[in-house]
Amino acid sequence: MALLDVVGATVKFGGITAVNDATFSVDGGSITGLIGPNGAGKTTLFNVITGLQPATSGRVRFKGRDVTKATVNSRAKMGMARTFQRLEAFGSLTVRENIQAARDIYAGPRGWFSLARDPKIDELIETVGLHRYVDQRADSVPTGVARLLEIARALAIQPDLLLLDEPSSGLDEAETESFGELLVHLASEGRAVLMVEHDMDLVMSVCHLIHVLEFGKVIATGTPDEIRSNKKVQAAYLGFGDDDDMPVPDDIAAEAEAIVGHHVHHIDERPRPGALEFPGAEMQNEITMQIPAVGGER
Amino acid sequence: MAASSTAVWAAEDVEAFVSYTVGGLFFGAAYAIAASGLVLTYTTTRVFNLAHGATSMVMAFVYWQLHVQAKIPTLLAIALVLLVIAPLYALMLERFVMRGLGEAPVSVALVVTVGLFMILVGVAQQFWPADTYRSVDYFFGYNSFSLFGAHVRYHYLITVVVSAVVAGALYVLLNRTRIGTAMRAAVDNRELLELFGASAGRISMLSWVVGSQLAALAGVLLVSYTGLDYFTLTFLVVASFAAAMLGRLTSLPLTYIGAMVLGLAGSYCRGYIHGGPLVQTGLQSSLPTFMLFLTLLFVPQVRLRVGQVKGILAANVPNRSRSAISGLGLIVVCALAASTLNATNLLRFGEGLSYGVIMLSLVLLTGYGGYVSLGQMTFVCVGAAVAAKMDSTSPLVLIYAILIAAAVGAIVALPVLRLTGLYLALATLAFAQLMDNLVFKADWMFGFGVTLHAKRVSLFGYDFSDTAAYDVFIAVVFVIIGLGLLVLRRGAIGRLLIALRDSPAACGTLGLNQRWFRVGVFSVSAGIAGLAGALLAGVHRYVTEADYVPLQSLPILLLAVVAGVTSISGAWLGGMMYMLLLVLQTTYKGAAGFLFLIIGVGAILLARDPNGLVNFFYRGVRRVVPSLPLPRRGQPVAVDVERPVEAQVAGHGVA
């Protein structure tokens, strides 16, 4: 049985369907990628899995237990941890204290009065590579470091399933590469990683399985090779059409190129769900307006 | 209809019913007007204006000044109040106090509006001293018309009609005008609205203007019934909080329904429920607060919001040795001070130190935790009641005071702590009123104007009958609690309190059961307040209900913030300041309002930097003698709203 099963998850914000009957699963010890255009519902799905967002319908099963109605904290206690696309580091604590706070939560009230030094904290700092920043306030470190901090903090509660929401944004190329190694290392320890990511090189190189989400629906599932050659995915991501008169924004083109393996010059004008047409984005509090939806802006 | 009713009911029953109904509709209409102003302001600016009732009160005084004193005709006077004075007041308020406050942490916004409350009460007391009786006639005096045999005052009819007109006008404003549409959009999503280029400033100004106009209108309509008084009108409008809450602070139609239900229920209670003074005044006056408390219990769980830019003002914590030395120093200073004071001042000093312990309870709750309690005095009163009821010299009195107050605290907190800080603050306010009306005033408790005796504790056979020694004892207790709080602050609990302020969502996804954690913190804070109450009871050796009016919670909160609610030294200073305030108020009665005014202004100025006056003091001393080992505190940094989202998240700004 899979570690995590999402069955028919649907989330509606008013008239907008952010996640539409999404079904997929994540196995223990594997790295699973969750990709899709902006506004496809990836972060909403993360919120449903972790309990921050109740699903309109559908079920979430974790370790064989139905956790659809479980509270956020009880899911975490069962072995689920996540990072956030919009950072949620404890800004006024130092990097070390951030991890320590997570350890405090993990230890529970009995641990709050213990004077013993927790060796796990240094271990995590070492694993994720934060030693240069340990005594800096979390709101003063670069975004990339704060993302790594969130991963260390999530690992502090020793989760079996780690949900990463765009973990590599803010990292440079070298950092991304060592981050990829970290992911492989985590999976080798038997942990499952579910990752929303826009860096397709990273996704294609580390993920064992990829789910592609479009309009809140899982439209494809497969290994990186299968996803690369999947026509539906190409269409979803790029909206190939006949009228090639829209220039492709550079970042989208790069993402697309990583998937289809050749450079993309033009896309069609089919309207795409972007943040502007997607009031649900407000619910997740992510205003993803900086990247125009493919072909969406006229 | 009337005929069939009379078949069942006697004519005078119908008459009574109609007159209660009309009275209820009158109150309901006035509540509805007040509540819709509150809701409008809250939804568009995210500031819950606790001073809404005080605004009504001051505007009613202004109306009296114009209409009764300056003999300006009714309609002109009302027009002046509603169209000139209230908007001017609102614009000043918006520009200099409220702008941007909705983005600040809830605790800051609440403290600021409590500060405004104190300012308004202060202004009223200063300009319209309580030495003369003031009243405003009903519209058309006592003229009335007959309805099923009941006399219906034209004033009541006018009020109901006005509230219907207000409802219509609000509908037109929100649905038929451009800015109204923008205001409604602001309710749904402020960020998106601003991205579309709507001016948040203009929306905020308009909503404050309309909100204040509605508060003023409610004041003008109610004042003939209540008479001019600083608190009756203020708290009558607090009843509108309940109506607003029924509309979940967003829905105007539900708010109207809530207001009408509340008005009618109150009126029928007055008419049909008879009983002792406790039932008569207690039940009636607690009805709105009871409804508020009840509504809060049924507000659905708020979801953890992700991606909010949370501000934090971390005060650095002194290390163990430094805090121990400071503690010893404080005890020595208090002992020296106590040895020089005369009997009266010794009692006052003891009071001040006890108030300091109350402030310590706020350091934990507000300073560290970021929660606002508007009913801290209730727990103090519970502690004092325990001391009085036990009337024993055993130190167990103090232990029981702590435990019982903590238990009462948990009872208040448990149902509402799943909600946000605003709801907790309102619940504590409602609970404080309920406790005062139904418990503290009850015969088995204090009764009306009864004085209960309390003994001072004795330790190891020493009975502290010498007030100077008792003062030093309180100072020692203060230091012990203070050091205890610092230990908590340095340890896991302090870390988690900050973590919870910075990101509740992250704490949740890491597995923290926030509800129990908060209940624990609130309960410990209540326990400390209870201890303060038991100590305070021992200072004078007697307790009366009048010493613990719930309203006192507000100046205590404000003084804690002014003095510095994030630090132990701030709590000590706050306690002393509160004692001085009481002394000054009894010495210079004319300046009572002025003092409220100063505290209010201080709170508004300092709320955004809760490190308070002690911080200024330390900064000043450090400048003169830089080598002194004084605690350093984090400096607040202004939030830069212009910064792009990514940058802002990385550098959690301080609001």
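Chains A and B are the protein sequences, given in the same order.
Per my numbering, residue 1 is the first one in the first sequence, and the count goes up by one each step.
Per my numbering, residue 1 is the first one in the second sequence, and the count goes up by one each step.
Even for Gly, the Cβ is constructed at its ideal location relative to N, Cα and C.
These numbers come from a predicted model, not from an experiment.
Assuming contact is defined by CB atoms lying nearer than 8 Å, are residue i and residue j in contact in what I supplied?
i	j	result
residue 509 of chain B	residue 81 of chain A	yes
residue 94 of chain B	residue 251 of chain B	no
residue 337 of chain B	residue 524 of chain B	no
residue 98 of chain A	residue 512 of chain B	no
residue 101 of chain B	residue 81 of chain B	no
residue 495 of chain B	residue 104 of chain A	yes
residue 39 of chain B	residue 255 of chain B	yes
residue 212 of chain B	residue 89 of chain B	yes
residue 330 of chain B	residue 565 of chain B	no
residue 535 of chain B	residue 573 of chain B	no
residue 155 of chain B	residue 347 of chain B	no
residue 243 of chain B	residue 32 of chain B	yes
residue 215 of chain A	residue 20 of chain A	yes
residue 442 of chain B	residue 543 of chain B	no
residue 556 of chain B	residue 435 of chain B	no
residue 115 of chain B	residue 559 of chain B	no
residue 93 of chain A	residue 498 of chain B	yes
residue 124 of chain A	residue 168 of chain A	no
residue 11 of chain A	residue 55 of chain A	yes
In terms of residues, what are the limits of the beta strand (DSSP E) holding residue i?
i	result
residue 220 of chain A	217 to 222
residue 211 of chain A	209 to 214
residue 193 of chain A	192 to 196
residue 544 of chain B	542 to 544
residue 165 of chain A	161 to 165
residue 145 of chain B	144 to 147
residue 453 of chain B	451 to 453
Which residue marks the beginning of the alpha helix (DSSP H) containing residue i, and which one marks its end?
i	result
residue 170 of chain B	154 to 176
residue 52 of chain B	52 to 64
residue 299 of chain A	Nothing can be reported for residue 299 of chain A, as the shown portion of chain A is limited to 1 through 298.
residue 361 of chain B	343 to 362
residue 426 of chain B	421 to 434
residue 596 of chain B	592 to 606
residue 17 of chain B	11 to 45
residue 584 of chain B	568 to 587
residue 249 of chain B	Run containing residue 249 of chain B: none; DSSP gives neither H nor E here.
residue 201 of chain A	200 to 206
residue 126 of chain B	106 to 127
residue 205 of chain B	200 to 226
residue 326 of chain B	320 to 340
residue 87 of chain B	86 to 93
residue 406 of chain B	396 to 416
residue 387 of chain B	376 to 390
residue 146 of chain A	143 to 155
residue 139 of chain B	Segment: none, residue 139 of chain B is in no alpha helix (DSSP H) and carries neither H nor E.
residue 560 of chain B	553 to 563
Runs of beta strand (DSSP E) wholly within the segment 2 to 84 of chain A (minimum 3 residues, chain order): Taking 3 residues as the shortest admissible run, the segment 2 to 84 of chain A contains the following complete beta strand (DSSP E) segments, listed from N- to C-terminal end: 4 to 13, 16 to 26, 31 to 35, 57 to 62, 80 to 82.
Closer than 9 Å, Cβ to any Cβ of chain B: which residues of the segment 50 to 64 of chain A, in chain order? So the close ones are 50, 51, 52, 53, 54.
Enumerated in chain order, which unbroken segments of the alpha helix (DSSP H) with a length of 4 residues or greater are wholly contained in the segment 456 to 531 of chain B? Correct list: 467 to 490, 492 to 502, 504 to 509.
Going along the chain, which residues of the segment 490 to 503 of chain B sit with their C-beta nearer than 7 Å to a C-beta in chain A? Close to chain A, meaning a Cβ-Cβ distance shorter than 7 Å, are the following residues of the segment 490 to 503 of chain B: 491, 492, 493, 495, 496, 498, 499, 502, 503.
Taking beta-carbon pairs under 7 Å, can you tell me which members of the segment 69 to 84 of chain A lie near chain B? For the segment 69 to 84 of chain A, the beta-carbon criterion of a distance under 7 Å to any beta-carbon of chain B is satisfied by 72, 73, 76, 77, 81, 82, 84.
Inspect the CB distances between the segment 185 to 196 of chain A and the segment 129 to 136 of chain A and report whether three or more fall short of 8 Å. Output reads no: the segment 129 to 136 of chain A does not touch the segment 185 to 196 of chain A.
Listed in chain order, which residues of the segment 509 to 521 of chain B have Cβ atoms closer than 8 Å to some Cβ of chain A? From the segment 509 to 521 of chain B, only 509, 510, 511, 512, 513, 514 have a Cβ closer than 8 Å to chain A.
May I ask you to list, following chain order, the residues of the segment 26 to 45 of chain A that have a beta carbon less than 9 Å from some beta carbon of chain B? For the segment 26 to 45 of chain A, which is checked against every Cβ of chain B, the residues closer than 9 Å are 43.
Uninterrupted beta strand (DSSP E) stretches inside the segment 105 to 134 of chain A (no shorter than 3 residues): Runs of the beta strand (DSSP E) lying entirely within the segment 105 to 134 of chain A and spanning at least 3 residues: none are present.
Give a yes or no on contact between the segment 51 to 71 of chain B and the segment 125 to 134 of chain B, applying the rule of three or more CB pairs nearer than 8 Å. The segment 51 to 71 of chain B vs the segment 125 to 134 of chain B: in contact.
When you compare the segment 164 to 183 of chain A with the segment 109 to 123 of chain A, are there three or more beta-carbon pairs, one atom per stretch, that lie closer than 8 Å? Counting C-beta pairs with one atom in each stretch, the segment 164 to 183 of chain A and the segment 109 to 123 of chain A have fewer than three that are closer than 8 Å, which means they do not touch.
Are there three or more Cβ pairs, one per stretch, closer than 8 Å when the segment 155 to 170 of chain B is compared with the segment 21 to 30 of chain B? Between the segment 155 to 170 of chain B and the segment 21 to 30 of chain B, the count of C-beta pairs closer than 8 Å reaches three or more; the two stretches touch.
At a cut of 8 Å, does the segment 115 to 126 of chain B reach the segment 590 to 609 of chain B through at least three beta carbon pairs? Using a Cβ-Cβ distance cut-off of 8 Å, the segment 115 to 126 of chain B and the segment 590 to 609 of chain B are in contact, since at least three pairs of beta carbons, one from each stretch, lie closer than that value.
Say whether the segment 58 to 78 of chain A touches the segment 216 to 232 of chain A, bearing in mind that this needs 3 or more beta-carbon pairs closer than 8 Å, one atom from each stretch. The segment 216 to 232 of chain A and the segment 58 to 78 of chain A do not touch, with fewer than three beta-carbon pairs separated by less than 8 Å.
For the segment 183 to 204 of chain A, which residues have a CB atom closer than 8 Å to at least one CB atom of chain B, in sequence order? For chain B, none of the residues of the segment 183 to 204 of chain A brings a beta carbon within less than 8 Å of one of its beta carbons.
Give a yes or no on contact between the segment 457 to 476 of chain B and the segment 386 to 401 of chain B, applying the rule of three or more CB pairs nearer than 8 Å. Yes, the segment 457 to 476 of chain B touches the segment 386 to 401 of chain B.
Going along the chain, which residues of the segment 370 to 382 of chain B sit with their C-beta nearer than 9 Å to a C-beta in chain A? Identification of residues in the segment 370 to 382 of chain B having a C-beta nearer than 9 Å to some C-beta of chain A yields an empty set.
Between the segment 12 to 28 of chain B and the segment 259 to 271 of chain B, do at least 3 Cβ pairs fall closer than 8 Å? Short answer: they touch.
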